Every structure is written in C-alpha cells, then in structure tokens.
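Here the structure is laid out as structure tokens; the discussion comes afterwards.
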Amino acid sequence: MAIVYQKTKGLTDAELHYCPGCTHGIVHKLVGETLEELDVLGKAVGVAPVGCAVFAYDYFNCDMQEAAHGRAPAVATGIKRVLPQHVVFTYQGDGDLAAIGIAEAVHSAMRGEKITVIFVNNAIYGMTGGQMAPTTLVGQKATTAPLGRDPGHYGSPIRMSEMLATIDGAAYIERVMVTTPASVMKAKRSIKKAFELQIAGLGFTMIEVLSTCPTNWGLTPVESLEWVKENMLPVFPLGVYRDVTKEEA
Numbered sequence: 004m005a006i007v008y009q010k011t012k013g014l015t016d017a018e019l020h021y022c023p024g025c026t027h028g029i030v031h032k033l034v035g036e037t038l039e040e041l042d043v044l045g046k047a048v049g050v051a052p053v054g055c056a057v058f059a060y061d062y063f064n065c066d067m068q069e070a071a072h073g074r075a076p077a078v079a080t081g082i083k084r085v086l087p088q089h090v091v092f093t094y095q096g097d098g099d100l101a102a103i104g105i106a107e108a109v110h111s112a113m114r115g116e117k118i119t120v121i122f123v124n125n126a127i128y129g130m131t132g133g134q135m136a137p138t139t140l141v142g143q144k145a146t147t148a149p150l151g152r153d154p155g156h157y158g159s160p161i162r163m164s165e166m167l168a169t170i171d172g173a174a175y176i177e178r179v180m181v182t183t184p185a186s187v188m189k190a191k192r193s194i195k196k197a198f199e200l201q202i203a204g205l206g207f208t209m210i211e212v213l214s215t216c217p218t219n220w221g222l223t224p225v226e227s228l229e230w231v232k233e234n235m236l237p238v239f240p241l242g243v244y245r246d247v248t249k250e251e252a
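When the letters of the sequence shown are read in order and numbered with this note's numbering, they come out as residues 4 to 252.
As structure tokens, then:
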C-alpha cells in the first residue's frame, strides 16, 4: 500500500502539551520535517526556551539543550562554535526572545552567529498567564494591562524582524504565519531556507512565525486564526526582511 502521509521522524512520539488551537504544534511539525528532509537529524542540536515551548526537548527527535530564560541564542552560540559542523537552532517565544532575551538575540545577529532562530510570536506571555509581552498590540488587553496596551505608558510593540534585519550579521530574516494550509506551506519553505543558509555558513537566520494563543486571548481556536489575520498582520506584516543571497546576486 502506498504511503500517503507519514509522521516526520523529526518529532518523537511524545504527546504535545500545548493548549487546543495553539499553533506551536504546527511549527514543531515544520521544523521536524525540515530537519528530516535536509538529512541533518543526526547532527542537529536544538535549544529549548523558557515559556510555552519549555518542553521542546521532549518533542524534537534530535539532541536538545535547555537554556535559562532568554539565553537560548547564547547557548546556541556556544554549541555551534564548539561543534561547527552541527546544525544548531533555537525555538523561542516572544517573551523569551523579545523581552529577557533581546540582548542575546541582537548580539548573536550582530556577530553573525551561524545559528537559526525559530521565533514564535503570539503577542502575549502564554505559559505564565497572559501578561503583556513586548509584542502585545496597542489596545490589546493582558493581565498586566487590563485596559489594553497604552503606548504612552507601555511603549509600542517591538518588531523583531524589522530590527534584526538592519544588522549586518543577519543573513536571512522572514516573518510568516500558519493560519491556512497555504501559509503553512509557505512557512515550511521559509524555515527550510533558513536552515539551508545556516548550513551554507552565511550567518544568523531567523524565521518569525505569527502564532495563536486561544487560551490567553479568550477566543476559540477558529476565532484566534482570524484574530491573527485581522489584528496581527497590520502590525507585523509578512515578508522577507533580509536575504543576503539576493543582496549578493
């Protein structure tokens, strides 16, 4: 019998702990498939964050290292410099990467560290109960901003892709989403290119994925997918923000 679909070998058989409707599982699948297709599972090392994806080491079927909150790019830097032949990636949320870990992300890009960052942006602190994140939208309510984010008091959302794209050491920066089958396939191609450019030794690569948080947004899974398109896209437009392969062409 012909095999129509088969679970990627890039993921273990562990049951994911994520809330129903959360798109972390989709992003995990795309990363796992990419590592399998590139035939690098045997030399891949992932770095798990603190946040909703803290148990990522149970899910990816490759060597994994847990990092302290926000320090995943620094840990990945150490691993890649000691094992330059390995494919090293971090998997981080907006709190881990854009708040406590923003310095690590910026300086890893500045140094052109040959690592790949998978940045999952759901505009909220998910694991700890829905506090305002650096990416929380203006007017969006959070437990620490019950009246909504006021830019005069809290500042405006940080656009990580746009910011990191200005850094010379960044080789590839793109923002994608996973709300439709077409966007999922597009995200897969982007993630694969980021890993391919790391393997080619071109520098720091990051894929930002707009994701959902039905639990802390107080929405159903279907409503959350629409919320991403209606509210997040205007603030965080999709697209390639830096691609050194085109700049050199």
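Glycine residues also receive a C-beta, built at the ideal position from the N, C-alpha and C atoms. Every value quoted in this text rests on a predicted model; they were computed, and no experiment measured them.
**Request:** Answer with buried or exposed for Asp-153, where buried requires no fewer than 16 other C-beta atoms within 10 angstroms of its C-beta.
**Result:** With fewer than 16 other Cβ atoms within 10 Å, it is exposed.
**Request:** Return the CA-CA distance between Cys-25 and Glu-116, expressed in angstroms with no decimal places.
**Result:** 30 Å
**Message:** Alpha carbons only, please: which of Ala-70, Val-238 and Cys-65 is nearest the one belonging to Glu-165?
**Reply:** Val-238
**Request:** Specify whether the region 166 to 180 and the region 103 to 115 touch according to this definition: at least 3 beta carbon pairs, one from each stretch, less than 8 Å apart.
**Result:** yes
**Request:** Might you give, ordered along the chain, the residues of its own chain that have their beta carbon closer than 6 Å to the beta carbon of Asp-66, omitting 5 neighbours on each side?
**Result:** Beyond the five residues adjoining it in sequence on each side, Asp-66 comes within less than 6 Å, by CB distance, of Val-48 in the same chain, given in chain order.
**Asked** Near Glu-39, what residues of its chain come up, given a Cβ to Cβ distance below 7 Å and the 5 sequence neighbours on each side ignored?
**Response** The residues are Thr-11, Lys-12 and Gly-13.
**Request:** Buried or exposed for Ala-5, please, with buried defined as at least 16 other CB atoms from any protein chain shown within 10 angstroms of its CB.
**Result:** exposed
**Prompt:** Where does Leu-140 land, buried or exposed, given buried means 16+ other C-beta within 10 angstroms?
**Reply:** buried
**Request:** In angstroms with no decimal places, state the Cα-to-Cα distance between Gly-151 and Gln-134.
**Result:** 11 Å
**Request:** Please name the residue in Pro-184, Pro-52, Tyr-157 and Gly-204 whose C-alpha comes closest to that of Arg-84.
**Result:** Per the Cα distances, Gly-204.
**Item:** Span separating the alpha-carbon of Tyr-94 from that of Met-235
**Value:** If you take the alpha carbons of Tyr-94 and Met-235, they lie about 20 Å apart.
**Asked** Expressed to the nearest angstrom, what Euclidean distance is found between the alpha-carbon atoms of Thr-147 and Ala-59?
**Response** 27 Å
**Item:** Distance between Leu-213 and Ser-227 (C-alpha atoms, nearest Å)
**Value:** 11 Å
**Request:** Grab the span of the alpha helix (DSSP H) containing Arg-192 for me, first residue to last.
**Result:** 184 to 202
**Message:** Run through the DSSP bridge pairs and tell me what Ile-176 is partnered with.
**Reply:** According to the DSSP secondary-structure assignment, Ile-176 is paired through a beta bridge with Met-209 and Arg-245.
**Short Cβ contact (8 Å threshold) for Gly-98 with Tyr-62** = Tyr-62 sits away from Gly-98, with the two beta carbons spaced by 8 Å or more.
**Candidates Ala-75, Leu-33, Leu-44 and Gly-35: closest to Ala-51 by CA position** = Taking only the C-alpha atoms, the option nearest Ala-51 is Ala-75.
**Request:** Please say whether Val-247 and Gly-206 have beta carbons closer to each other than 8 Å?
**Result:** yes
**Message:** As a quick exercise: from His-89, Glu-36 and Ser-159, pick the residue whose alpha carbon is nearest that of Met-188.
**Reply:** Glu-36
**Item:** Spatial neighbours of Ile-103 in its chain, beta-carbon cut-off 6 Å, leaving aside the 5 residues before and after
**Value:** His-72 and Gly-73
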